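Asker: Below is a structure I'd like to ask you about.
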Amino acid sequence: MDPHGRIDVKWDVMSWTPDGYVAVVTMTNMQTYRHIESPGWTLGWKWAKKEVIWSVLGAQASDQGDCSSFKENLPHSCKKNPSIIDLLPNAPFNQQFSQCCKGGVLASQGQDPAAAVSSFQISIGRSGTSKKTISLPQDFYLLGSGPGYTCTAAAVVSPSAFYLGDGRRRSQALMTWSLTCSYSQTIVSKNPSCCVSMSSFYSTQITPCPSCSCGCQQGQANCVKKEDHKISSLVEKSKAERKMVQCTEHMCPIKVHWHVKNNYKTHWRVKLTVTNFRYRTNYTKWTLAVHHPSLRSLANVSSFLYKPLMVYGASSKVSTFFWALQLTKFHD
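The sequence shown begins at 156 in our numbering and counts up one residue at a time.
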């Protein structure tokens, strides 16, 4: 279990405007090995009053909403419950902001802390113009390339501090509030998302993934046979097509195979194989967490990068998570 399994969201009010404020919103993925893949994160909330979004740098609202009450200078979004998404890497320079424009992809804290942060600047109107009159947004939600996250209510905290220029001058936000979003696999699905099969050099038998490990086949309603002609027709990447998996006994989108290659007095060697059974989903920045007592004496890893994990509440146990080298991508 990951004791830091959360995504922190922080709003820093940097300046007041005639009808509202300008804020910098920062999301930090504190999860050790869970990242957010393409199509990326979506952050949404409900306004407490009749606020509008005048402009956004480093992100955009997915829906402008009904701005017909404005005669000129239309807001960026008039939605009561706006949804914000990240910009793509090729966004125009004048629309970018620091730590933005990664298509919503967030690396895990254990894999790449520098890439585990995303931020954008947002200008709000029809809002309070002081700490006493401002109202915090409500009902926050986070989609991390899909459901699974539950967010707390926003709460006012001590203003964030910043060091400018040469680092000798300290400034701070006018007001700061924060919230956290935690992931739960049970929200996404009652079934697991992967299974493990095993084999060894001293036996020709393979211990396969149990049947229906990740659910059972329902005819061909929830899977496609490997030789099926429908595979070539899956062009548009709709949500349903991204989840389309190959028909197997285990019905898991991901299978991990653990093969013991040899066993000597001083060491033993294992080959790990990760197979993607989804037809329209790539796992470019995949991670694999493994728990085994012998990982305490891990001597060498090839093809993968790795890092030991501190298992919460179980110091006697050893876990490690692996991820792909830059050129070792996990394709469909």
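Built from N, CA and C at the ideal position, the CB exists for glycine as well. From a predicted model like this one, the values you see are computed outputs, not experimental measurements.
For Asp167, I'd like the list of residues in its chain whose CB is within less than 7 Å of its CB, leaving aside the five on either flank, ordered along the chain.
Answerer: In chain order, Ala178, Val179, Ser315, Ala328, Thr331 place their CB closer than 7 Å to the CB of Asp167, counting only its own chain and leaving out the 5 sequence neighbours on each side.
Asker: Between Ala270 and the ligand ATP, is there a pair consisting of the residue's CB and a ligand heavy atom that are separated by less than 7 Å?
Answerer: Absence of the ligand ATP from the depicted structure is noted, as is the absence of any ligand whatsoever, leaving it without description.
Asker: Could you please give the first and the last residue of the uninterrupted beta strand (DSSP E) stretch that includes Gln327?
Answerer: Per DSSP, Gln327 belongs to the beta strand (DSSP E) from 324-327.
Asker: Between the C-alpha atoms of Ile109 and Ser224, what's the straight-line distance to the nearest angstrom?
Answerer: Outside the shown range of the chain (156 to 487) lies residue 109, about which nothing can therefore be said.
Asker: Would the region 351-360 and the region 404-415 be scored as touching if the rule is three or more Cβ pairs under 8 Å?
Answerer: yes
Asker: Once DSSP output is grouped into helix, strand and coil, what is the label at Leu482?
Answerer: Low confidence applies here, because Leu482 scores a pLDDT of 46, under 50, leaving its location unreliable; read the following figure in that light. If DSSP states are grouped into helix, strand and coil, Leu482 belongs with coil.
Asker: Is it the case that the Cβ atoms of Leu460 and Phe432 are separated by a distance below 8 Å?
Answerer: Going by C-beta atoms, Leu460 is not nearer than 8 Å to Phe432.
Asker: Just tell me which of Asn236, Thr172, Leu212 has its CA closest to the CA of Gly199.
Answerer: Asn236
Asker: Can you tell me the Cα-Cα spacing of Thr483 and Ser333, whole angstroms?
Answerer: Confidence at Thr483 is low in this model, with a pLDDT of 49, below 50, so the placement of that residue is unreliable and no value is reported for it.
Asker: Is the Cβ-Cβ distance between Ser282 and Ile289 less than 8 Å?
Answerer: Contact flag set, yes.
Asker: Per the DSSP calculation, Val272 is bridged to which residue(s)?
Answerer: Per DSSP, Thr183.
Asker: Answer with buried or exposed for Gln360, where buried requires no fewer than 16 other C-beta atoms within 10 angstroms of its C-beta.
Answerer: exposed
Asker: Hey, out of Asp321, Gly322, Leu291, whose CA is closest to Thr307's CA?
Answerer: When each option's Cα is compared against that of Thr307, the closest is Leu291.
Asker: Count the other CB atoms, across all protein chains shown, that sit within 10 Å of the CB of Leu212; report buried if there are 16 or more and exposed otherwise.
Answerer: buried
Asker: Within 10 angstroms of its Cβ, does Leu243 collect 16 or more other Cβ (buried), or is it exposed?
Answerer: exposed
Asker: DSSP on Val343, reduced to helix/strand/coil?
Answerer: helix
Asker: List the DSSP bridge partners of Val429.
Answerer: Val411
Asker: Excluding the 5 residues preceding and the 5 following Ser274 in the sequence, name in chain order all residues of the same chain whose CB lies nearer than 8 Å to its CB.
Answerer: Val179, Val180, Thr181, Met182, Gly213, Phe252, Ser253, Gln254, Cys255
Asker: So, at 8 Å on beta carbons, what are the nonlocal neighbours of Lys201 in its own chain, with the 5 sequence-adjacent residues on each side left out?
Answerer: Lys235, Asn236, Pro292, Gln293, Asp294
Asker: Label Lys286 either buried or exposed according to how many other C-beta atoms from any shown protein chain fall within 10 Å of its C-beta, with 16 as the threshold for buried.
Answerer: Exposed: under 16 other Cβ atoms inside 10 Å.
Asker: My output table needs one value for Gln254: the three-state DSSP class, helix, strand or coil.
Answerer: Correct three-state label for Gln254: coil.
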